[in-house]
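2 protein chains.
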Amino acid sequence: MRNRLLRALPAADFDRLAGGIEAVELPVRTVIQPVDTPFEFVTFPGSGIASIVAVTSDDRRLEVGLYGRDGMSGQLLMLGGDRSPHEHFMQVAGAGHRVRARELEAVVEESRAARLLLLRYVLSFTLQVAGTALSNGAYTVEERLARWLLMSDDRLDGEEMALTHEFLALMLGVRRSSVTVALQVFEGAKLIRARRGHVRLLDRAKLAEIAGDSYGGPEAEHQRLLGTPI
Amino acid sequence: MRNRLLRALPAADFDRLAGGIEAVELPVRTVIQPVDTPFEFVTFPGSGIASIVAVTSDDRRLEVGLYGRDGMSGQLLMLGGDRSPHEHFMQVAGAGHRVRARELEAVVEESRAARLLLLRYVLSFTLQVAGTALSNGAYTVEERLARWLLMSDDRLDGEEMALTHEFLALMLGVRRSSVTVALQVFEGAKLIRARRGHVRLLDRAKLAEIAGDSYGGPEAEHQRLLGTPI
DNA sequence: CATTCAATGTACGCTATCGGACAGTTCGCA
DNA sequence: TGCGAACTGTCCGATAGCGTACATTGAATG
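Those protein sequences? They're chains F and Y, same order as listed.
Okay, so the first sequence: first residue is 0 according to numbering that gives the first Met the number 0, each after it adds one.
Okay, so the second sequence: first residue is 0 according to numbering that gives the first Met the number 0, each after it adds one.
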C-alpha cells in the first residue's frame with residue numbers, strides 16, 4: 000500500500016474501509032474517472048501518474064492537474080460532488096487501490112480525522128490547479144514543460160517516465176513539435192535524458208531554476224500541510 | 000444581507016454566527032485577504048467583485064478566480080487551511096459582511112448542513128479555477144475577455160462595472176493595449192458599452208458565443224449543486 | 001476655468017508559438 | 001527479418017500577442 004493518503008488514514012478508519020479496498024492495475028491510458036459520470040469508485044494510485052484533463056466541445060484537451068501516490072481521484076466527492084466535468088486517466092502506468100465512493104463517504108462522514116486529512120489533500124490539489132492557471136497564463140512553453148517534468152518526477156522517485164512528446168503536448172496544450180524542441184534544449188543542457196518514449200530527469204535543480212515560480216509554491220504548501228513531501 | 004451563502008445558511012447556524020457578523024464597506028482595491036497571512040476574518044461580499052490573484056516573485060500578477068455575492072474569502076479555511084498564497088482584493092467596489100475565521104470554523108465543525116453548504120461552494124470555486132487554467136491555456140485574449148466580462152456580470156445583475164483596461168489586463172495577464180483593442184471590437188459589435196473606466200454588457204448571448212466553452216461549464220455546475228444561479 | 005493626470009487609442013517592430021507538412025528513425029509484430 | 005505504425009526531428013510561412021512609445025481624451029481638482 001504505497002498511496003500516501005491511505006497510509007495516513009487513522010488505523011480505525013482504514014480498518015473500516017479495508018474490506019472494500021481492492022487492488023487495481025493502472026495501465027497507461029486507463030480512464031479512472033470518465034467525464035460527468037457519477038462517482039462509483041475512488042482510486043488511490045500507489046505508483047504512476049493520473050492526469051486530470053478538461054475537454055472542450057471541439058475536443059481540445061488540456062491538463063488542469065495531476066496526482067500519483069500523493070492523491071486520489073475523488074477530490075470533488077470530498078466537497079459533496081457526485082461527478083466531475085474532467086476526465087481522469089493514467090498518464091504514466093502504475094498500480095493502486097480503489098474503494099467504492101459510498102464507502103469512503105461513509106467513513107469520512109463519521110471520522111473527523113479522516114475528513115480533515117482528505118480535505119487537506121483537496122486543499123493542496125486546489126493550489127496545484129491554481130498553479131496550472133498561473134503557468135498557462137504567464138509562462139513560456141519551456142517553463143511550463145520544466146514544471147510538468149518536476150511535478151511528475153516528484154511522484155515517481157526519479158524513475159524514468161514513459162512519455163511521448165505527443166502526450167506532453169496534450170498536457171500543456173501546445174504543439175507536439177514545440178515539446179520536441181524544448182526537450183532538445185533540456186537534453187542539450189544535460190538536464191534530462193530522453194529516449195524514444197522515455198524521459199529521465201538528471202538535474203532537478205536546474206530545471207527548477209528554469210521553471211521559476213511556476214514550480215514550488217504548491218509543493219511547499221503540501222509539505223507544510225500534509226507533513227510529507229509529495 | 001445579500002450574500003447567497005449567508006442567506007442559505009441554516010437559521011440555527013446563522014443565529015449562532017449572527018453576534019459576530021460585522022457589516023463592511025469594500026471599496027475598490029481593498030485587500031480582503033493578504034498573501035500568506037493567517038486568516039483572521041472570512042468576508043462574504045453582498046455586492047462587488049473580489050479577485051483572487053497569484054503573485055510571482057518578479058511581481059507579475061494573474062487572476063486565478065473571482066467571487067462576489069456567490070462566495071466568500073475563506074475557501075481554503077473550509078479545507079483546513081490557515082492562510083492562502085493568493086491575494087484577495089476588491090476589483091469592483093461593493094459591501095458585505097465578515098465573521099471571525101474561528102467563529103465560522105466552530106459553526107462548521109458542529110453543523111453538518113453548514114459544512115456541506117460551504118464545501119459545495121468550494122467545489123464550485125474549484126471548477127472555476129480549473130476553468131481559468133483551461134482558458135489561459137487554450138483560448139485567445141478575446142475569448143478570455145468575453146469570459147471574464149460574463150463572469151463579472153453574473154455577479155452584478157447587469158449593473159455597469161467600474162473597470163479600467165489596465166485592471167482587466169492585469170486580470171488576464173495580457174498587455175493593456177490588447178484589452179483596449181478587444182473591447183473596441185466588442186463595442187463595435189454592440190456587445191458592450193464602454194466609457195472611460197466603465198463597461199456595461201449589452202448582449203450576453205453573443206459574448207457567450209465568443210467565449211465558447213471557456214464560459215458556462217462551471218456556472219451550470221454551480222446552479223446544479225447550489226440550487227441557485229450565481 | 002486652467003491644469004494635470006489617469007485612462008485610452010494607436011502604431012511599430014519583434015518573438016513565441018502555431019498549423020501543417022514531411023522525412024528519418026525506432027519499435028513491435030507478422 | 002522485414003513491414004508498418006508510432007515516434008521524433010525539422011522546416012516553412014503565418015499570426016497572435018508582446019514591449020514600448022507616444023499622442024489624445026476626459027475627468028477631477030485647485
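Just so you know, even glycine gets a beta-carbon here, dropped at the ideal spot from N, CA and C.
Computed from a prediction, not measured in an experiment: that's the story for all the values here.
- Proximity of chain F to Y:Pro9 at the Cβ level (cut-off 7 angstroms) is not reached, the minimal Cβ distance being about 15 angstroms.
- When only Cα atoms are considered, F:Ala94 and F:Pro26 end up about 8 angstroms apart.
- Residues of chain F whose Cβ lies closer than 9 angstroms to the Cβ of Y:Gly157 do not exist; the shortest such Cβ separation is about 27 angstroms.
- Identification of chain F residues near Y:Gly70 by a Cβ-Cβ cut-off of 8 angstroms yields none; the smallest Cβ-Cβ distance measures about 14 angstroms.
- According to the DSSP assignment, Y:Ser50 belongs to the beta strand (DSSP E) that extends over Ile48 to Val54.
- Under the Cβ criterion of 8 angstroms, Y:Gly226 is not counted among the residues facing chain F.
- Beta-bridge partners of Y:Ile191 (DSSP): Y:Leu200.
- Residue contact check for F:Ala129 against chain Y: a CB pair falls below 8 angstroms.
- Exclusion of the five residues before and after F:Phe40 leaves Arg97, Val98, Arg99 and Ala100 as the residues of its chain whose Cβ lies within less than 7 angstroms of its Cβ.
- Rounded to whole angstroms, F:Leu144 and Y:Ala210 show a C-alpha spacing of 27 angstroms.
- Between F:Leu75 and Y:Leu122 the beta-carbon gap is near 6 angstroms, inside 8 angstroms, which marks them as a contact.
- Looking at the DSSP output, F:Pro44 shares a beta bridge with F:Gly95.
- Counted as a single uninterrupted DSSP element, the alpha helix (DSSP H) harbouring F:Tyr120 occupies residues Arg111 to Ala137.
- Within 10 angstroms of the beta-carbon of Y:Ser176 lie fewer than 16 other beta-carbons, which makes it exposed.
- Going by beta carbons, Y:Ser134 and Y:Ser50 fall outside the 8 angstroms limit.
- Taking a contact to require three or more Cβ pairs closer than 8 angstroms, the region 82-93 of chain F and the region 46-62 of chain F qualify as touching.
- Per the C-alpha coordinates, the member of Y:Leu5, Y:Leu200 and Y:Gly130 positioned closest to Y:Glu21 is Y:Leu5.
- Interface with chain Y (8 angstroms Cβ-Cβ cutoff): F:Ser151 is excluded.
- DSSP, reduced to helix, strand and coil, places F:Arg3 within a helical segment of the structure shown.
- Y:Pro84 has a beta carbon lying within less than 8 angstroms of a beta carbon in chain F.
- Secondary structure of Y:Leu155 (DSSP, three-state): coil.
- Where Y:Glu21 is concerned, the enclosing beta strand (DSSP E) starts and stops at Glu21 to Leu25.
- Taking a cut-off of 8 angstroms for Cβ pairs, the region 13-20 of chain Y and the region 100-109 of chain Y touch, as three or more such pairs fall below it.
- Taking 8 angstroms as the cut-off, the Cβ atoms of F:Arg3 and F:Ser46 do not count as close.
- Sixteen is the threshold: when 16 or more other Cβ atoms of the shown chains lie within 10 Å of the Cβ of F:Leu118, as they do, the residue is buried.
- The straight-line gap separating the alpha-carbon atoms of Y:Glu141 and F:His164 is approximately 29 angstroms.
- Per the C-alpha coordinates, the member of Y:Leu78, Y:Gly157, Y:Met71 and Y:Asp35 positioned closest to Y:His197 is Y:Gly157.
- When the Cα atoms are used, Y:Met77 and Y:Ala113 turn out to be separated by approximately 11 angstroms.
- Cβ-Cβ distances below 7 angstroms link Y:Ile229 to Asp69, Asp153, Arg154, Glu218 and His221 in the same chain, with the five nearest sequence neighbours on each side left out; the list follows chain order.
- Taking a C-beta distance under 8 angstroms as the contact criterion, Y:Leu8 and Y:Leu116 qualify as a contact pair.
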